[in-house]
Every structure is written in C-alpha cells, then in structure tokens.
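**Student:** So the sequence lines, in the order shown, correspond to chains A and B.
So the first sequence is numbered by the working numbering: it starts at 577 and just counts up by one.
So the second sequence is numbered by the working numbering: it starts at 1313 and just counts up by one.
Positions of the beta carbon are idealized from the N, C-alpha and C atoms, including for glycine.
Quantities reported herein were computed from a predicted structural model and do not represent experimental measurements.
Take a look at this one; I'll ask things after.
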Amino acid sequence: MRRYSAFAIAREALRFHTGWERAWAAPEPKADYDVVIVGAGGHGLATAYYLGKNYGITNVAIVEKGWLGGGNTGRNTTIIRSNYLQDPSAAIYEKARSLYETMSQDLNYNVMFSPRGVMMLAQTEHEIRGYQRTAHANALQGVATEFISPARVKELCPIIELSGPRYPVLGALWQPRGGTARHDAVAWGYARACSDMGMHILQKTEVSAVLQSGGQVTGVTTSKGDIKCKKLAIVVAGNSGVLAEMAGFRLPMESAALQALVSEPIKPCMDVVVMANTVHGYMSQSDKGEMVIGGGADGFNNYTQRGSFHHVEETVRALIETFPIISRLKMLRQWGGIVDMTGDRSPIISKTPLGNCFIDGGWGTGGFKSIPGSGWAMAELVAKGEPGALAAPFGLDRFKEGRFIDESVAAGVAH
Amino acid sequence: MLLLTCPNCGIKADETELHPGGEAHITRHGAGASDSDFEGYLFHRKNPKGVHFERWRHAMGCGKWFHAARATDTLEVFGTYSAQVFEPPNDLIEKIKLKRPDWEGF
Chain A
577 MRRYSAFAIA REALRFHTGW ERAWAAPEPK ADYDVVIVGA GGHGLATAYY LGKNYGITNV
637 AIVEKGWLGG GNTGRNTTII RSNYLQDPSA AIYEKARSLY ETMSQDLNYN VMFSPRGVMM
697 LAQTEHEIRG YQRTAHANAL QGVATEFISP ARVKELCPII ELSGPRYPVL GALWQPRGGT
757 ARHDAVAWGY ARACSDMGMH ILQKTEVSAV LQSGGQVTGV TTSKGDIKCK KLAIVVAGNS
817 GVLAEMAGFR LPMESAALQA LVSEPIKPCM DVVVMANTVH GYMSQSDKGE MVIGGGADGF
877 NNYTQRGSFH HVEETVRALI ETFPIISRLK MLRQWGGIVD MTGDRSPIIS KTPLGNCFID
937 GGWGTGGFKS IPGSGWAMAE LVAKGEPGAL AAPFGLDRFK EGRFIDESVA AGVAH
Chain B
1313 MLLLTCPNCG IKADETELHP GGEAHITRHG AGASDSDFEG YLFHRKNPKG VHFERWRHAM
1373 GCGKWFHAAR ATDTLEVFGT YSAQVFEPPN DLIEKIKLKR PDWEGF
C-alpha cells in the first residue's frame, strides 16, 4: 500500500495523478478462510482490522451483500460521544472515542475526526438530575464530561433559544472531546488497511445460509458459492435477526427504521453537536454547511430503510422551538436505516448457541460512535473464543440472567 | 404511512392514530416456567424480514387492541383481525400464502 502523505500529493501532481492505486482490492473468493465476517460496514471492517492488527489473523474474508459501508455506516448522523451512565457502556464507547482520536494516523486515511464537543440538553427537571448523575458517573469512569449552565450552553451554541415555552434549556451534559467524523471515510479507511493486510473484501456477495455440522459452524453459502470458515462473525446491523435465523437461533432483538435528514447548506452557525433527548432530536452542522438532523426510531418492525413521515415532522417541529434559526430552512434529503433494538437497548457482543459463531449487533441508534471499540472487542472475542473485559458484559446470557445494561433510562432515545 | 383498519370500530386509521405493540401471539410463560422459556417470552423475537403478525392499539381512536398482519420488507398490510384470538384466522393465512407462495407459514 502506498502511503497517503503531502509528499505523495506533490509526487502525483508532477506525474498527472497516474500513480494512485486502488484503495482496496476486489478479489475472487477463496474456498476457505480462518474467519469469515458477514457485513462490511464499519463494525465488520473494524473487527477485521483489529483481528489483523492485534492478533495477526489475516486469512479473513469480509462478505457484504451490497457495497462497502452502504448500510448504516453511510446513513448515520456521524456523532461520537461516550457520556454513558453505566460502566460497561462508558468503557466500550470511551475506548471507541479514544481510538477515533488517532484513527486518521493509525489508518493513514483522513477520517476527519472533529472533536468539536457534544452537549445533551436538559430540558426537564428529571433530565437535570439524570445528567448530573451521569456527569458524576463519568468522573468516576474517567470520561471527561461536565454539567453546564444555560449561560454556558448559549456561549457554546449562540443559535440556541434558551427560554422556549415548552422546552426551556435548563442546562446540559457537555462532553468537549466528543464530536463527529466522516462516516464513509471510516469504512473506506478500515477497508484499505484490511485489504493491505491481505484480507478479502467481497462486495455484492450475499449470504443465504450458514453451514454447520455437529453444532459447529463450517461456512456460509453465498451468491458466489460456498465459503468454508473456522470461525464466523455476524456483524450485520439491522439484519442480525435474519442471519440468526439462518444460523438457527433467535435473538432478543427487533429491527426498526431510524431516520435522518439534512438541510440546504448555510454559512457556519454551529460548531458543536446538540442533542435534545426530551424532544427526540439532535443536530450538528456538516463541513459542507448542511444542518444534519436525526430523530427517533419508529416503533414497529421494519426492514425497508424507509421511515414514517410523522417522525420527521415531530423531530423538526421540536427542533424549531430550540433553534428558531432553522424555521425557514429547506430540507434537502431524508433517509432511513434499519437498526437492531435489543431488549435493554444495549448492544450484544457475544458467543452464540452455534459453536465458533459470534455476533456483534444490536447497537440500536448508537452504532457509528462505537465502531472502533466494537471492532476491538469483537476481534478479541473472535480471536480468543472468549470475550475480553470490554465485551464480557455484553453477552447474550444477560437476558436470561436479568443482568441488563439499562442505559435507555439514562440516555433517552438518542442512545 | 401505514393505514390499518381497526376491526373494533371499523375506522381506517393512519399510523399517527395507532400505537405499535410488537410481535403478536407470544406464549406468555409465567410463574414456574423455566429460565429459558421466560427469557424467550420476554425478549426473543422472530423479527422476520417478511410476514409479521403484530399487535396494535387504536390509541387515538376507540382505544382498543387488535392484531395486524404486515410485511416488514415492503410495508404491505395483509389485514387486521380481533385481539381475542391465539392465532391468525385461516382466511388471512390463505390470502398471505396466495401473495407469498414461498412464505413458510404461521
């Protein structure tokens, strides 16, 4: 792999850009691999990358039914934060956030990580208490957050309306090291690094069956033929239930549509991410100037990547009260992605009832921010066959034991 | 936007009038059940990409619960029926089979 650098740009400028190579290869599938990962989104590619980097396992195929990063990796609102209440969540999301800080250097690929700060507005008395508690918990966990006053909120985000009649801003949980990153670049950067390690990224290869013998996984049937493997990792946001059915077990998950939208581009007016969980809306401004807006998920099972219009309406209606400046903006695009919602709204990184088959899913509405941490923990699980400290609390067994990671109470909807 | 006909009051209601209630016809294991039965009842869901039987409540209308059969991959609604049954009516199952010959059945 030729490294990207300022020198490389100068070199290529002198020879009319004829020397750039493909970022990743498009190989034909081999008959067998040590590890097959289903799903070449952020989480799947990160799993592959850390399998190679941390454990030296490079005989890996990443199988993708569509195109690389074309699912939720390309559909989220790119927010990165780790201000969680519960210790297991804070640990894995903070691991992810810290890996994002060095990701561009690590991958030699500019993921445009922008630690611009994330604030979660407290708009009710309950939220004030809840976020103060979270700030104290974060102090113990070593996650830098603080509870800030309305005046400080206004200072950080001047376009905000503090004294709205229905949703006054009473304070906020502020994580200055949170922010955003370029979501596609995360997938592309991991893919380039994986391809460089000799891993096979097989796009437009849909898995239709999981092959097994004697309770152990032996491979997968794909649209390009059978592929054998010693270990199988299912990392398919939104479609975990479909793959689990192929593998012969059920998951504590349901799939629903989550929507986002962007406005026409305007001049820079907001250099932080603001989340308002009471009204189910969050907003940031992209480098292009578009206001990026996310809302709540639909309540019913859905695989169509289309959501209900009234959810968009509710989100925008509420955000207009908090940000009167957006009331005349035209919205350019709106789209949906399918998220796996687990019983306790926390993810699953776990062994499964099928031997040597592992699952990483159920990230619900919080998948993008966790990509590197999820990949790190999943790679350890796949390589060793047992979860490490990061993944252990997120096992499937917690639903039988009643040992939930009950984050939804703390984080509201935008979790 | 989803349109479901409430079998209780006969009104064709749009989604903003309705509240989704999740998968229908789940066996409700209670006291004395095994851990795995109870876990399955509480958490495990079919979550199919295809035909799904589910519960809805006509929250902003008559307030009553009912059942619906819907496709999660196309949002097509096959029909709605009473909440007071343990499985979908046969005519509805036949109707779905006609439309989706490769559906594995209820």
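What are the partner residues of Thr798/A, as DSSP defines its beta bridges?
**Tutor:** As a working note, residue 798/A is residue 222 in the first sequence. The partner list for Thr798/A (beta bridge, DSSP) reads Val783/A, Gly801/A.
**Student:** Checking 8 Å against the spacing of the C-beta atoms, do Ser816/A and Gly938/A come in under that value?
**Tutor:** Residue 816/A sits at position 240 when you count from the first residue of the first sequence. Residue 938/A sits at position 362 when you count from the first residue of the first sequence. Against a cut-off of 8 Å, the Cβ pair of Gly938/A and Ser816/A comes out as a contact.
**Student:** Would you identify the three-state DSSP class for Thr880/A, choosing helix, strand or coil?
**Tutor:** Reading the first sequence from its first residue, position 304 is the one you call residue 880/A. In this structure, Thr880/A counts as coil in the three-state DSSP scheme.
**Student:** Could you check what DSSP says for Lys976/A in three-state terms: helix, strand or coil?
**Tutor:** Stepping through the first sequence from its first residue, residue 976/A is reached at position 400. Three-state result, Lys976/A: helix.
**Student:** Does the region 674-686 of chain A touch the region 631-641 of chain A, meaning 3 or more C-beta pairs lie closer than 8 Å?
**Tutor:** No contact exists between the region 631-641 of chain A and the region 674-686 of chain A.
**Student:** What do you get for Met577/A, buried or exposed, if any count of 16 or more other CB atoms within 10 angstroms of its CB means buried?
**Tutor:** On the first sequence, residue 577/A is found 1 positions in, with the first residue counted as 1. Exposed, since its Cβ has fewer than 16 Cβ neighbours within 10 Å.
**Student:** What's the gap between the Cα of Ser862/A and the Cα of Lys1376/B?
**Tutor:** As a working note, residue 862/A is residue 286 in the first sequence. As a working note, residue 1376/B is residue 64 in the second sequence. Going by the C-alpha atoms only, they are around 44 Å apart.
**Student:** Mind reading off the beta-carbon distance from Ser946/A to Ala672/A? Whole number of angstroms is fine, and I expect it under 8 Å.
**Tutor:** In the first sequence, counting from the first residue as 1, residue 946/A sits at position 370. In the first sequence, counting from the first residue as 1, residue 672/A sits at position 96. Yes, they are in contact, since the Cβ atoms of Ser946/A and Ala672/A sit about 5 Å apart, within 8 Å.
**Student:** Looking at the unbroken beta strand (DSSP E) that takes in Lys927/A, where does it start and where does it end?
**Tutor:** Walking along the first sequence from the start, residue 927/A turns up at place 351. Run containing Lys927/A: 924-927, per the beta strand (DSSP E) assignment.
**Student:** Whole angstroms is fine: what's the gap from Lys1409/B's alpha carbon to Phe944/A's?
**Tutor:** In the second sequence, counting from the first residue as 1, residue 1409/B sits at position 97. In the first sequence, counting from the first residue as 1, residue 944/A sits at position 368. Lys1409/B and Phe944/A: Cα-Cα distance of roughly 39 Å.
**Student:** Let me know if Asp982/A comes out buried or exposed under the rule of 16 or more other beta-carbons within 10 Å of its beta-carbon.
**Tutor:** Numbered from 1 along the first sequence, position 406 holds the residue referred to as residue 982/A. Under this definition Asp982/A is an exposed residue.
**Student:** I'd like the list of long-range same chain contacts for Val1363/B, defined as Cβ closer than 7 Å, with 5 residues on each side in sequence excluded.
**Tutor:** Start at 1 with the first residue of the second sequence, and residue 1363/B comes out as number 51. Closer than 7 Å at Cβ, skipping near neighbours: Ala1381, Ala1383, Ile1408, Arg1412, Trp1415.
**Student:** Tell me the rounded alpha-carbon separation between Asp663/A and Thr653/A.
**Tutor:** Translated into the one-based positions of the first sequence, residue 663/A becomes position 87. Translated into the one-based positions of the first sequence, residue 653/A becomes position 77. Going by the C-alpha atoms only, they are around 25 Å apart.
**Student:** Check each candidate in Asp772/A, Gly628/A, Ala601/A, Ala637/A and name the one with the smallest Cα separation from Val612/A.
**Tutor:** Within the first sequence, the letter at position 36 stands for residue 612/A. Nearest C-alpha to Val612/A: Ala637/A.
**Student:** So the candidates are Thr649/A, His887/A, Gly706/A, Gly951/A; which of them puts its Cα closest to the Cα of Ala761/A?
**Tutor:** Taking the first sequence and counting its residues from 1, the one referred to as residue 761/A is at position 185. Among Thr649/A, His887/A, Gly706/A, Gly951/A, the Cα nearest to that of Ala761/A is on Thr649/A.
**Student:** How many whole angstroms separate the CB atoms of Thr678/A and Ala823/A, which I take to be in contact at a CB cut-off of 8 Å?
**Tutor:** Start at 1 with the first residue of the first sequence, and residue 678/A comes out as number 102. Start at 1 with the first residue of the first sequence, and residue 823/A comes out as number 247. No, Thr678/A and Ala823/A are not in contact; Cβ-Cβ is about 35 Å, not under 8 Å.
**Student:** Just grab the DSSP bridge partners of Ala833/A for me.
**Tutor:** Along the first sequence, one-based indexing puts residue 833/A at 257. DSSP, once it has assigned bridges, lists Ile914/A as partnering Ala833/A.
**Student:** Near Lys804/A, which residues of its chain fall below 7 Å by C-beta distance, leaving aside the five closest residues on each side in sequence?
**Tutor:** Within the first sequence, numbered from 1, the residue matching residue 804/A stands at position 228. Cβ within range, chain order: Ala607, Asp608, Thr794, Gly795.
**Student:** Return the Cβ separation of Arg768/A and Ala599/A in integer angstroms, given the expectation that the two are a contact with Cβ distance under 8 Å.
**Tutor:** Counting from one through the first sequence, the residue named residue 768/A turns up at place 192. Counting from one through the first sequence, the residue named residue 599/A turns up at place 23. Correct: roughly 4 Å between the Cβ atoms.
**Student:** Against chain B, with Cβ distances strictly below 8 Å, would Lys976/A count as a contact?
**Tutor:** Working through the first sequence from its first residue, we reach residue 976/A at position 400. So yes, Lys976/A belongs to the interface.
**Student:** Evaluate Phe885/A with the Cβ neighbour count: other Cβ atoms within 10 Å of its Cβ, from every protein chain shown; 16 or more gives buried, anything less gives exposed.
**Tutor:** Locating residue 885/A in the first sequence gives position 309, where the first residue counts as 1. So Phe885/A ends up on the exposed side.
**Student:** Below 7 Å CB to CB, which residues in the same chain sit around Asn1320/B once its five sequence neighbours on both sides are set aside?
**Tutor:** Reading the second sequence from its first residue, position 8 is the one you call residue 1320/B. His1370, Cys1374, Lys1376, Phe1378, listed in sequence order.
**Student:** Hey, out of Ile656/A, Gly791/A, Gly774/A, Leu738/A, whose CA is closest to His759/A's CA?
**Tutor:** Taking the first residue of the first sequence as position 1, residue 759/A is located at position 183. With distances taken between Cα atoms, His759/A lies closest to Ile656/A.
**Student:** CA-CA distance, Lys976/A and Arg893/A?
**Tutor:** Counting from one through the first sequence, the residue named residue 976/A turns up at place 400. Counting from one through the first sequence, the residue named residue 893/A turns up at place 317. Those two C-alpha atoms are separated by around 40 Å.
**Student:** Could you check whether Ala616/A and Ser771/A sit closer than 8 Å to each other, using their CB atoms as the reference points?
**Tutor:** Within the first sequence, residue 771/A is the residue found at index 195, counting from 1. Within the first sequence, residue 616/A is the residue found at index 40, counting from 1. Their beta carbons are not under 8 Å apart, which means Ser771/A does not touch Ala616/A by this criterion.
**Student:** Is Val694/A near Met851/A, with beta carbons less than 8 Å apart?
**Tutor:** Taking the first sequence and counting its residues from 1, one reaches residue 694/A at position 118. Taking the first sequence and counting its residues from 1, one reaches residue 851/A at position 275. A contact, by the Cβ cut-off of 8 Å.
**Student:** Which word fits Gly755/A, buried or exposed, when buried means at least 16 other C-beta atoms lie within 10 angstroms of its C-beta?
**Tutor:** For the purposes of this step, residue 755/A is taken as residue 179 along the first sequence, with counting starting at 1. Gly755/A should be labelled buried.
**Student:** Taking 8 Å as the CB-CB limit, is Met907/A close to chain B?
**Tutor:** Translated into positions along the first sequence, residue 907/A becomes position 331. Output row for Met907/A: interface = no.
**Student:** Measure the C-alpha to C-alpha separation of Gly618/A and Tyr766/A and round it to an integer number of angstroms.
**Tutor:** Position 42 of the first sequence, counted from the start, is the residue given in the question as residue 618/A. Position 190 of the first sequence, counted from the start, is the residue given in the question as residue 766/A. In a straight line, the C-alpha of Gly618/A is about 8 Å away from that of Tyr766/A.
**Student:** Phe1355/B versus chain A: which residues are under 7 Å apart at the beta carbon?
**Tutor:** To locate residue 1355/B, count along the second sequence from 1; it is residue 43. What Phe1355/B touches in chain A: Pro828, Gly919, Phe975.
**Student:** To which residues of the same chain is Thr692/A closer than 6 Å at the C-beta, ignoring the five residues directly before and after it?
**Tutor:** Numbered from 1 along the first sequence, position 116 holds the residue referred to as residue 692/A. Sequence inspection shows Arg at residue 692/A; the Thr mentioned does not correspond to that position. The residues are Gly755, Asp847, Val848.
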